[in-house]
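All residue numbers for the sequence shown refer to numbering that gives the first Met the number 0, where the first residue is 0 and numbers rise by one. Even glycine gets a Cβ: it sits at the ideal position worked out from N, Cα and C. One structure is given below, encoded as structure tokens.
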Amino acid sequence: MTEGWFATQLFGVVSGAATAARLLGLDADRTETAFGIAYTQMSGSRQMAVGTATHLRSMQAGFSGQGAILSAELAQRGIVGSREILEGRYGLFRNYVRTESPDWDAIDGGLGERFPMLDLHGFKVWPACGYTRPTNAATLLLREEFGIEPDEVEAIEIVGGRGATQLLSEPLQLKRRPKLGIDGKYSIPFTTAVMMVKGNVTLRDYTDEGLRDPRVLAMADRISYRPGLPGAIAVGGNSGVSRPTVEIRLKDGRLLSRTAAGVPGDPKNPVSRTMLEDKFRDCVSFAAEPIDPADIDRAVALIAQLENLSDVTEIMRLLTPRGKD
0 MTEGWFATQL
10 FGVVSGAATA
20 ARLLGLDADR
30 TETAFGIAYT
40 QMSGSRQMAV
50 GTATHLRSMQ
60 AGFSGQGAIL
70 SAELAQRGIV
80 GSREILEGRY
90 GLFRNYVRTE
100 SPDWDAIDGG
110 LGERFPMLDL
120 HGFKVWPACG
130 YTRPTNAATL
140 LLREEFGIEP
150 DEVEAIEIVG
160 GRGATQLLSE
170 PLQLKRRPKL
180 GIDGKYSIPF
190 TTAVMMVKGN
200 VTLRDYTDEG
210 LRDPRVLAMA
220 DRISYRPGLP
230 GAIAVGGNSG
240 VSRPTVEIRL
250 KDGRLLSRTA
260 AGVPGDPKNP
270 VSRTMLEDKF
280 RDCVSFAAEP
290 IDPADIDRAV
300 ALIAQLENLS
310 DVTEIMRLLT
320 PRGKD
């Protein structure tokens with residue numbers, strides 16, 4: 000696959016259609032036709048990643064979800080989609096992956112028994128691009144281990160990583176001053192500054208008020224990026240997420256550095272229950288209409304025993320503002 004495609008959106012519409020078809024209880028024939036309908040909607044360019052001040056960066060994956068649900072519902076209602084969308088003459092493998100001989104055993108071997116994605120993907124603790132996680136983790140480690148206060152910092156340099164790390168770090172001046180929340184989420188200098196100043200990164204840091212926080216902006220001005228040697232360490236088995244080193248120079252002359260060995264949320268470094276609840280509550284606090292704190296507490300308690308529930312309707316009711324049932 001060429002680097003210009005945005006895989007989340009490109010493949011998300013077909014894989015999402017599979018999920019939607021399963022939830023709707025479609026049989027094999029209608030599931031295949033849902034794939035065909037989804038295939039006609041495949042799209043997604045990385046152009047959104049090279050610019051700034053665009054809301055679409057945070058919306059593109061949503062188009063995949065929209066297309067996935069539409070595909071499954073159309074199939075349910077009898078609309079017939081193309082067949083053989085994976086292996087066909089103009090199917091996914093030939094058109095997008097550019098391979099004539101896909102490894103079918105890797106694709107469907109142990110289907111329903113083997114779940115390799117669980118070994119590769121983790122939980123995103125902080126509400127920003129996943130490529131910011133390694134620098135966030137290293138910054139937090141240094142901050143906590145040495146008790147660093149923001150006003151003690153002379154400069155911070157992000158070293159290495161290349162690839163996505165470089166993309167999220169340059170052009171430096173634009174990355175230090177994101178215009179929109181989505182720009183901040185895709186900025187390593189800004190997000191690292193938030194972590195250094197506050198010891199955490201939350202959704203509020205990407206609001207208009209958060210983007211103008213003078214303490215964060217002053218810290219961002221002290222952050223720079225230097226590409227390292229090729230062959231960065233991968234995060235969580237994902238070769239696309241590399242681990243750069245964070246170097247912090249203090250005003251007393253000390254130079255401290257860390258490369259996060261285990262990013263919170265990695266399969267081998269799972270998040271704690273407390274971290275999960277904190278992120279959930281942070282997200283709920285941004286609901287379009289305020290949700291009663293007692294309902295939030297009850298929802299948290301029910302989610303904690305999700306595997307024992309026969310129906311999730313009560314959870315949805317608790318998280319639906321009154322009058323919106």
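Coil, strand or helix - residue i by DSSP
i: TYR89; result: coil
i: VAL299; result: helix
i: ILE147; result: coil
i: ASP277; result: helix
i: THR18; result: helix
i: VAL49; result: coil
i: LEU167; result: coil
i: THR244; result: strand
i: ARG316; result: helix
i: ARG253; result: coil
i: TRP4; result: strand
i: ASP291; result: coil
i: ASP265; result: strand
Bounding residues of the alpha helix (DSSP H) (the contiguous stretch that carries residue i)
i: GLU31; result: 27–38
i: ARG214; result: 213–219
i: PHE189; result: 187–197
i: PRO68; result: Per the sequence presented here, residue 68 reads as Ile, with Pro not at that position. Counting along the chain, the alpha helix (DSSP H) containing ILE68 begins and ends at 59–75.
i: GLY209; result: 207–210
i: ILE78; result: Taken as a continuous stretch (DSSP letters only), ILE78 belongs to no alpha helix (DSSP H), as it is neither H nor E.
i: MET116; result: 116–119
i: VAL259; result: It should be noted that the sequence gives Ala, not Val, for residue 259. From DSSP, ALA259 is part of no alpha helix (DSSP H); its letter is neither H nor E.
i: TRP103; result: 103–107
i: ASP182; result: 180–184
Of the listed residues the options, nearest to residue i (C-alpha basis)
i: VAL152; options: LEU301, ARG316, GLY90 and ARG253; result: ARG253
i: ILE68; options: GLY183, GLN46, THR32 and THR53; result: THR32
i: THR39; options: ALA71, PRO213 and GLY159; result: ALA71
i: GLU86; options: PRO269, SER100, ASN199 and ALA74; result: SER100
i: ASP207; options: ILE181, MET218, ALA192 and GLU313; result: ILE181
i: MET116; options: TRP125, VAL124, PRO126 and ALA105; result: ALA105
i: ARG82; options: ALA37, SER14, ARG221 and ASN199; result: ALA37
i: GLU156; options: ARG257, GLY129, GLU276 and ASP296; result: ARG257
i: ARG297; options: ASP310, ILE84 and LEU318; result: LEU318
i: ALA260; options: LEU139, GLN75 and GLU276; result: LEU139
i: LEU255; options: GLY227, GLY108, VAL13 and VAL158; result: VAL158
i: VAL124; options: VAL299, ILE295, LEU301 and ARG272; result: ARG272
i: MET218; options: GLN304, GLU306, ALA154 and VAL311; result: ALA154
i: VAL13; options: ASP118, PHE34 and THR30; result: PHE34
i: ASP281; options: ASP310, PHE189 and ASP204; result: ASP204
i: ALA303; options: LEU275, PRO320 and THR312; result: LEU275
i: ALA127; options: LEU179, ARG88 and ILE222; result: LEU179
i: ALA77; options: LEU305, LEU25, SER223 and GLU144; result: Before going on, a small fix: residue 77 reads as Gly here, not Ala. Among LEU305, LEU25, SER223 and GLU144, the Cα nearest to that of GLY77 belongs to LEU25.
i: GLY227; options: LEU202, THR190, ARG161 and ILE187; result: ARG161
i: TYR224; options: PHE189, SER284, ARG88 and THR201; result: PHE189
i: PHE10; options: GLY90, HIS54 and THR53; result: GLY90
i: PRO320; options: ALA27, THR201, ALA16 and ASP294; result: ASP294
i: THR53; options: ALA27, LEU110, PRO177 and GLN65; result: PRO177
Residues of its chain near residue i, where Cβ-Cβ distance is below 8 Å and the 5 sequence neighbours each way are ignored
i: TRP103; result: none
i: ALA48; result: PHE5, ARG56, LEU166 and TYR185
i: GLN8; result: SER42, GLY43, GLN59, ALA60, PHE62 and SER63
i: ARG142; result: MET194, MET195 and GLY198
i: THR18; result: ALA67
i: ARG29; result: ALA20, ALA74 and GLN75
Residues near residue i in its chain [Cβ-Cβ closer than 7 Å; skip 5 each side]
i: GLY146; result: none
i: ARG214; result: PRO149 and VAL196
i: SER238; result: At SER238 the pLDDT is 41, less than 50, meaning the model places this residue with poor confidence; the figure from the coordinates comes in the next sentence. Excluding residues within five positions, none has a Cβ falling inside 7 Å.
i: VAL325; result: The structure shown has nothing for residue 325, since the chain only spans 0 to 324.
i: ASN307; result: none
i: ASP220; result: ARG175
Boundaries (first-last residue) of the beta strand (DSSP E) holding residue i
i: GLU156; result: 152–158
i: ILE84; result: First-last for ILE84: undefined, no H or E at that position.
i: ARG225; result: 222–225
Residues near residue i by beta carbon distance below 6 Å, same chain, minus five either side
i: LEU73; result: ILE36
i: PRO269; result: none
i: THR201; result: ASP281
Would the segment 287–296 and the segment 122–137 be scored as touching if the rule is three or more Cβ pairs under 8 Å?
They do not touch, by the three-pair rule.
Whether or not the segment 91–101 and the segment 166–176 are in contact is what I'm after, with contact meaning three or more pairs of Cβ atoms, one per stretch, closer than 8 Å; do they touch?
no
Sufficient close CB pairs (3 or more, under 8 Å) joining the segment 242–253 to the segment 264–274
no
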